[in-house]
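Single-structure report; data block below.
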Amino acid sequence: RQLVELNNVDKIYPNGTIAVRQVDLAVSEGEFISFVGPSGCGKSTIFNMIAGLTDHTRGRLSVLGTTPRDARTHNEIAFVFQEHTLLPWTNLLENVTLPLKLRGVPRKAREEEGRRALELVGLGDSVKSLPRQLSGGMKMRVSIARALVSRPKLLLMDEPFGALDEITRQTLQDELLNIWQNDKRMTVLFITHNVFEAVFLSTRVAVMTPRPGKITEIVDIPQPFP
Ligand code: ADP
Ligand code: ADP
Numbered sequence: 023r024q025l026v027e028l029n030n031v032d033k034i035y036p037n038g039t040i041a042v043r044q045v046d047l048a049v050s051e052g053e054f055i056s057f058v059g060p061s062g063c064g065k066s067t068i069f070n071m072i073a074g075l076t077d078h079t080r081g082r083l084s085v086l087g088t089t090p091r092d093a094r095t096h097n098e099i100a101f102v103f104q105e106h107t108l109l110p111w112t113n114l115l116e117n118v119t120l121p122l123k124l125r126g127v128p129r130k131a132r133e134e135e136g137r138r139a140l141e142l143v144g145l146g147d148s149v150k151s152l153p154r155q156l157s158g159g160m161k162m163r164v165s166i167a168r169a170l171v172s173r174p175k176l177l178l179m180d181e182p183f184g185a186l187d188e189i190t191r192q193t194l195q196d197e198l199l200n201i202w203q204n205d206k207r208m209t210v211l212f213i214t215h216n217v218f219e220a221v222f223l224s225t226r227v228a229v230m231t232p233r234p235g236k237i238t239e240i241v242d243i244p245q246p247f248p
């Protein structure tokens with residue numbers, strides 16, 4: 023079944039801006055799909071609609087077989103943004119398990135999941151560290167762990183590595199690819215300005231253009247180990 027499906031979707035903001043027009047997209051379980059295009063082409067708008075943060079104006083949109091808002095309330099979607107919103111004086115384990123705490127998951131189960139998520143990003147030995155002591159790349163790892171802690175079916179990443187230096191960016195790309203390859207069922211939607219990053223990471227790349235935002239082409243990326 024299709025995990026995410028958009029048919030002829032338009033988004034017009036209340037001020038009249040036509041942000042995206044006639045978007046068709048079908049994403050299957052386990053795909054890694056990237057969205058590339060210049061600023062203002064509607065990448066964030068598409069994400070926000072899929073995430074259930076803003077409604078679409080026309081067309082049909084389904085996420086995990088239901089409406090985006092419904093999928094969100096089932097905690098099946100997780101986000102990672104460029105600017106990390108970690109609590110600087112709270113240790114990594116508590117930062118990462120915060121989404122579970124808000125959901126009322128008991129402490130023991132929470133901490134098990136938190137350790138598992140931090141191990142996935144190579145921070146299993148740093149559960150007591152404070153974010154304020156960490157570099158940008160390390161903070162991004164914590165943000166990714168916090169997204170993975172809920173075992174999301176759908177992971178939305180909006181320019182996550184945009185602020186990192188080139189070496190750190192490449193390391194995190196490798197790590198993300200590993201995590202995704204080891205979890206055959208997690209689907210990733212990824213925004214980037216960087217075409218090389220998109221091609222390196224993705225199974226498909228959606229190329230977008232602005233005014234109005236459109237997907238002009240979806241390119242299949244040959245996979246080394248299909
Ligand atoms: P990006 O290119 O990284 O998506 P933007 O500067 O386009 O960043 O948007 C940043 C935030 O401002 C987003 O939440 C977006 O929805 C909002 N935004 C962008 N353009 C407008 C606008 N013309 N009016 C109101 N809000 C806007
Ligand atoms: P991208 O993420 O590719 O930079 P956006 O989805 O942020 O693109 O924006 C697409 C278009 O919609 C832009 O013209 C932007 O200014 C406009 N836009 C984004 N958010 C809003 C908003 N909240 N209100 C009005 N216009 C917006």
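Just so we're aligned, residue 23 is where the sequence shown starts under full-length UniProt numbering, counting upward by one.
Every residue gets a Cβ at the ideal spot worked out from N, C-alpha and C, and that includes glycine.
Residue burial annotation: HIS106 is buried, with at least 16 other C-beta atoms found within 10 angstroms of its C-beta. In the DSSP assignment, the residues bridged to ARG226 are ILE55 and ASP242. For the set ARG132, ILE166, ARG125 and MET179, the Cα lying nearest the Cα of LEU145 is the one of ILE166.
For the stretch 28 to 105, the full-length alpha helix (DSSP H) segments reaching 4 residues or more read 65 to 72 and 90 to 95 along the chain. Across the structure, THR67 and PRO174 are spaced so that their CA atoms are roughly 21 angstroms apart. Using a cutoff of 7 angstroms, the CB of SER61 counts as near ligand 2, since one of the ligand's heavy atoms is closer than that. DSSP places LEU170 in the uninterrupted alpha helix (DSSP H) bounded by 158 to 170. At the C-beta level, GLU51 and THR209 come within 8 angstroms of one another. Our two residues, GLN104 and GLU239, have alpha carbons roughly 25 angstroms apart in a direct line. For THR67, the distance from the CB to the nearest heavy atom of ligand 2 is below 7 angstroms. Residue range 209 to 214 is occupied by the beta strand (DSSP E) that includes LEU211. Contact fails between the stretch 113 to 123 and the stretch 174 to 192, because fewer than three Cβ pairs, one in each stretch, are under 8 angstroms apart.
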